[in-house]
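J.: So in the working numbering, spot 104 of the sequence shown is number 104, and the numbers just go up one at a time.
C-beta atoms are modelled at their ideal positions from N, C-alpha and C, and glycine is treated no differently.
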Amino acid sequence: MSLFDTKQKMDALMAELNQHTYNYYVLAMPTIGDYEFDKKLEELALLEQAHPEYADPNSPTQRVGGDITKNFTTVKHKWAMLSLGNTYNEQDLRDFDERIKKAIGDNFEYVCELKFDGLSISLTFEDQKLVRAVTRGDGTKGDDVTSNVKTISNIPHRLKSNDAPSLFEIRGEIFMHRAAFERLNKEREELGEVGYANPRNFASGTIKMQNSKEVAKRPLDCFLYSLNTEKQYFRTHWESLQAIKSWGFHISEHTKLVNSIEEVLTFISYWQKERFNLSYDIDGIVIKVNSYAQQQELGFTAKSPRWAISYKYKAEEVETILEQVTYQVGRTGAVTPVANLKPVLLAGTTVKRATLHNANEIGRLDLHLGDHVFVEKGGEIIPKIISVNLEKRREDALPVIYPVTCPECGTTLLRKDGEVAFYCPNDEGCPPQIVGKIQHFISRKAMNIDGLGDETIETFYQKGLVQHISDLYTLHEKAEALKTLDRFGERSIENMLKGIELSKQMPFEKVLFGLGIRYVGETVARKLAMAVKDIDKLKEASLEELTAIDEIGARIAESILEYFSKPEHQHQINLLKVYGLQFQAEENTIPLQSDKLTGKTFVISGVFENHSREELKDLIESNGGKILSSISAKLNYLVAGDNMGPAKLEKANKLNVPLISEDNLLELLK
Ligand code: IVH
């Protein structure tokens with residue numbers, strides 16, 4: 001959905017919901033059922049989470065008592081949360097430096113910090129315990145989001161050392177790593193949910209969620225960058241940062257103490273490029289006078305301190321040529337336009353393609369073939385077209401016209417009510433949909449079939465060897481045909497057939513996820529498998545029975561009903577049953593004790609005081625977490641015991657993977 005569409009849609013939903021509320025409460029003449037109303041309210045709440053910048057404070061979702069969002073308690077900040085003055089060029093910074101010199105002379109230092117692109121948070125600690133976490137709000141008062149913030153593993157609930165004052169407030173920025181953002185947003189989009197525009201919106205949408213269990217599923221991180229105490233304990237900002245660190249808080253390793261504006265400018269130009277190698281977004285640099293006494297001397301304006309300023313980086317933008325627009329058809333039939341560009345260097349990588357999202361985006365840009373377009377790389381990995389350089393458009397340029405029929409199979413495209421994406425309804429006959437569904441079935445998170453990859457599925461489909469998921473289970477009868485395929489030796493055929501055979505042991509929840517029912521993601525599949533236990537019961541369940549299951553809403557329930565209403569799907573399931581796949585939850589499946597660790601990944605290393613490694617593994621898995629075998633940037637936690645290998649430790653530190661003890665792990669489960 002383009003941002004323009006999103007805003008329009010949110011406004012329309014709000015107006016409609018307000019009208020219904022008026023009809024119900026004032027006129028006592030409801031024109032919509034409760035269920036319909038709740039669905040629309042839920043839709044608006046989701047859009048508001050994804051685009052808080054468009055959320056209206058008087059939105060019907062904010063009404064206390066509604067079960068979608070209820071207001072958080074408002075808390076007055078003990079120390080106002082001010083903002084920072086912005087600069088965008090060297091001269092502004094030199095002017096800032098001159099102002100400082102005029103007020104306090106030449107003898108001072110600056111602390112240079114990264115400006116993390118997230119949401120600021122104020123944490124209050126009393127007697128070494130986290131008692132309150134409050135958002136910035138309007139600067140004088142904010143929302144109490146303590147229970148949500150407690151799900152962030154980098155924020156200690158209780159300090160290990162007793163050195164910290166008995167009461168203090170610490171501030172920092174909550175954010176989401178880019179990799180987690182890309183992964184979770186992709187998952188959302190695959191499930192047909194609205195994607196967040198950037199990691200910042202995802203992080204702030206998450207912190208404002210009502211259900212802390214949901215928050216815990218989304219990996220957030222936090223850097224702390226300032227301390228407020230009643231008495232002055234430290235002489236400088238730098239000293240207080242070192243103290244904060246020794247108390248167990250996560251501070252940025254990139255913060256630097258410097259002596260002159262020249263050094264500040266060097267820091268800025270270094271991070272101008274290097275910021276793209278960070279695992280999270282920054283939107284600038286913050287420069288602070290180091291000495292507290294000098295900070296006091298400089299004081300504040302009405303809105304911001306005179307002793308600090310931010311330097312904002314401009315989003316990198318280049319001009320290039322739109323060569324062609326191609327259309328990708330996904331496994332759900334959604335048709336996404338992609339701009340093919342003349343390759344151009346942008347923010348350290350060569351850009352050849354840009355996403356166009358949907359038909360409305362093409363309309364908004366009024367794109368013509370051969371247009372000179374401005375491409376920007378923001379937080380997201382995939383760049384986007386910001387605007388067209390109209391002065392360079394050729395008079396005979398042809399407008400880009402979104403197709404009326406599927407570019408893959410020729411079926412007339414449809415658009416569902418209230419949705420912006422066009423889709424191809426030919427799910428049984430449209431090649432990329434068929435291939436996409438089988439690729440999803442074999443994928444790591446679903447049936448995880450060894451010896452089979454996306455390209456092989458593509459080839460098998462082209463050669464007429466597979467048309468449906470069930471055809472995978474008759475491939476062993478086609479050994480001769482397989483042998484004729486290029487780069488497909490006896491060994492790989494054997495491996496693949498073994499992998500397919502083994503997949504028959506995969507638990508019901510994985511099979512269910514693999515079927516690719518719209519909105520049935522990994523977690524939902526597990527919930528359904530645990531609750532319903534059997535595919536036949538699922539097939540027969542009514543809307544009411546389905547929505548009675550914890551966390552299954554109307555949208556998911558409707559999609560399940562629609563899936564089973566198609567005879568072809570029932571036929572496939574019957575065949576898969578005959579081939580021996582698991583369609584019942586095993587009797588001895590230990591039900592999940594909780595899903596507190598769902599979506600989180602762990603590596604366990606070293607020796608532990610109170611548990612064996614095996615026990616910790618069981619504990620993690622029975623609460624929904626996943627054990628990985630090696631450390632990567634995407635890892636959520638390294639559970640570290642004694643005698644852990646130095647190489648592992650170094651890798652974890654380098655990739656910024658949080659280390660947790662067995663106690664921390666137990667705390668996550670509380
Ligand atoms: S210090 C008096 N340091 O930027 C303001 N802020 O534009 C004290 N931010 O609301 C803020 N990184 O949310 C500070 N290293 C950093 C920061 C930082 C990001 C955010 C913060 C603040 C906003 C001000």
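(1) Around the Cβ of residue 299, are there at least 16 other Cβ atoms within 10 angstroms (buried) or fewer (exposed)?
(2) Does the ligand IVH have a heavy atom nearer than 8 Å to the CB of residue 278?
(3) Given this structure, state the Cα-to-Cα distance separating residue 61 from residue 173, to the nearest angstrom.
(4) What residue from 79, 204, 96 and 15 has the CA that sits closest to residue 87's CA?
(5) Between the alpha carbons of residue 370 and residue 79, how many angstroms are there, rounded?
(6) Is any heavy atom of the ligand IVH found at a distance shorter than 8 Å from the C-beta of residue 81?
(7) How far does the alpha helix (DSSP H) with residue 563 in it reach, from first residue to last?
(8) Could you tell me the alpha carbon to alpha carbon distance between residue 305 and residue 138, rounded to whole angstroms?
(9) Determine the extent of the beta strand (DSSP E) in which residue 343 is found, giving its start and end residues.
(10) Hey, residue 308 and residue 123 are a contact pair by Cβ (cut 8 Å); roughly how many whole angstroms apart?
(11) Are residue 224 and residue 244 closer than 9 Å when you measure CB to CB?
(12) What runs of the alpha helix (DSSP H), each 4 residues or longer, lie entirely inside the stretch 489-544?
(13) Span of the beta strand (DSSP E) holding residue 649?
(14) Hey, would you say the C-beta of residue 225 is under 8 Å away from at least one heavy atom of the ligand IVH?
(15) Write down the C-beta distance between residue 439 and residue 457 rounded to the nearest angstrom, noting that I regard them as a contact closer than 8 Å.
(16) For residue 86, is the beta carbon positioned less than 8 Å from some heavy atom of the ligand IVH?
(17) Checking 9 Å against the spacing of the C-beta atoms, do residue 332 and residue 516 come in under that value?
(18) Look up residue 142 in the DSSP assignment and give the residues it is bridged to.
(19) Taking the alpha helix (DSSP H) that residue 309 falls in, what are its first and last residues?
(20) Could you check whether residue 506 and residue 451 sit closer than 9 Å to each other, using their CB atoms as the reference points?
(21) Count the other CB atoms, across all protein chains shown, that sit within 10 Å of the CB of residue 295; report buried if there are 16 or more and exposed otherwise.
(22) Looking at C-beta atoms only, is the number of pairs between the stretch 395-404 and the stretch 361-376 that lie closer than 8 Å three or more?
(23) If we count Cβ pairs, one from each stretch, closer than 8 Å, do we get three or more for the stretch 222-242 versus the stretch 278-296?
(24) Using a Cβ-Cβ cut-off of 8 Å (strictly less than) and excluding sequence neighbours within five positions of residue 152, which residues of its own chain qualify?
(25) Which residues mark the beginning and the end of the alpha helix (DSSP H) in which residue 360 is found?
(26) Helix, strand or coil: which one does DSSP assign to residue 468?
(27) Out of 653, 571 and 581, state which residue places its alpha-carbon closest to the alpha-carbon of residue 500.
(28) Would you be able to state if there are at least three C-beta pairs under 8 Å between the stretch 261-281 and the stretch 95-114?
(29) Could you tell me whether any non-hydrogen atom of the ligand IVH is closer than 8 Å to the CB of residue 758?
(30) Have a look at the DSSP bridge pairing and note the partners of residue 700.
(31) Shorter than 8 Å, the distance from the beta carbon of residue 624 to the closest heavy atom of the ligand IVH, or not?
(32) Taking the straight line between their C-alpha atoms, what separation do you get for residue 615 and residue 585?
(33) Which of helix, strand or coil does DSSP assign to residue 66?
T.: Per the coordinate set shown:
(1) Residue 299 is exposed by the Cβ-count criterion.
(2) Flag unset: Cβ of residue 278 not near the ligand IVH.
(3) Rounded to the nearest angstrom, the two C-alpha atoms are 26 Å apart.
(4) Among 79, 204, 96 and 15, the Cα nearest to that of residue 87 belongs to 96.
(5) The straight-line gap separating the alpha-carbon atoms of residue 370 and residue 79 is approximately 55 Å.
(6) Yes, since a heavy atom of the ligand IVH falls inside the 8 Å radius drawn around the Cβ of residue 81.
(7) It spans 554-564 - the alpha helix (DSSP H) in which residue 563 sits, taken as one unbroken run.
(8) Cα-Cα distance, rounded: 16 Å.
(9) Segment 335-346, the beta strand (DSSP E) holding residue 343.
(10) The C-beta distance from residue 308 to residue 123 rounds to 20 Å, too long to meet the 8 Å contact threshold.
(11) With respect to the 9 Å criterion, residue 224 and residue 244 are classified as neighbours on the basis of their beta carbons.
(12) Entirely contained in the stretch 489-544, the alpha helix (DSSP H) runs reaching 4 residues are, in chain order, 490-502, 508-514, 522-532 and 535-540.
(13) For residue 649, there is no enclosing beta strand (DSSP E); the enclosing alpha helix (DSSP H) covers residues 646-654.
(14) The answer is yes for residue 225.
(15) About 5 Å; that satisfies the 8 Å criterion.
(16) Under cutoff, so the answer is yes.
(17) The beta carbons of residue 332 and residue 516 sit closer together than 9 Å.
(18) In the DSSP assignment, the residues bridged to residue 142 are 75.
(19) Boundaries for residue 309: no alpha helix (DSSP H) harbours it, while the beta strand (DSSP E) harbouring it runs 308-312, taken from the DSSP string.
(20) Taking C-beta atoms as the reference points, residue 451 and residue 506 fail to come closer than 9 Å.
(21) By the neighbour-count rule (16 or more Cβ atoms within 10 Å), residue 295 is buried.
(22) With the rule of 3 Cβ pairs closer than 8 Å, the stretch 395-404 counts as touching the stretch 361-376.
(23) Output reads yes: the stretch 278-296 touches the stretch 222-242.
(24) Result list for residue 152: 174, 220, 221 and 222, in chain order.
(25) Here the alpha helix (DSSP H) through residue 360 covers 359-365.
(26) The answer is coil: DSSP assigns residue 468 none of H, G, I, E or B.
(27) Checking every option, the nearest Cα to that of residue 500 belongs to 581.
(28) Contact between the stretch 95-114 and the stretch 261-281 is present, with at least three C-beta pairs closer than 8 Å.
(29) Look at the range of the chain in this structure, 1 to 670, and you will see that residue 758 is not part of it.
(30) No answer is possible for residue 700: it lies beyond the span of the chain, which begins at 1 and ends at 670.
(31) Result no, Cβ not under 8 Å from the ligand IVH.
(32) Taking the straight line from one Cα to the other gives about 23 Å.
(33) Low local confidence applies: a pLDDT of 28 at residue 66 is under 50, so the model's placement there is unreliable, with the coordinate-based value given in what follows. In the three-state scheme derived from DSSP, where H, G and I count as helix and E and B as strand, residue 66 is classed as coil.
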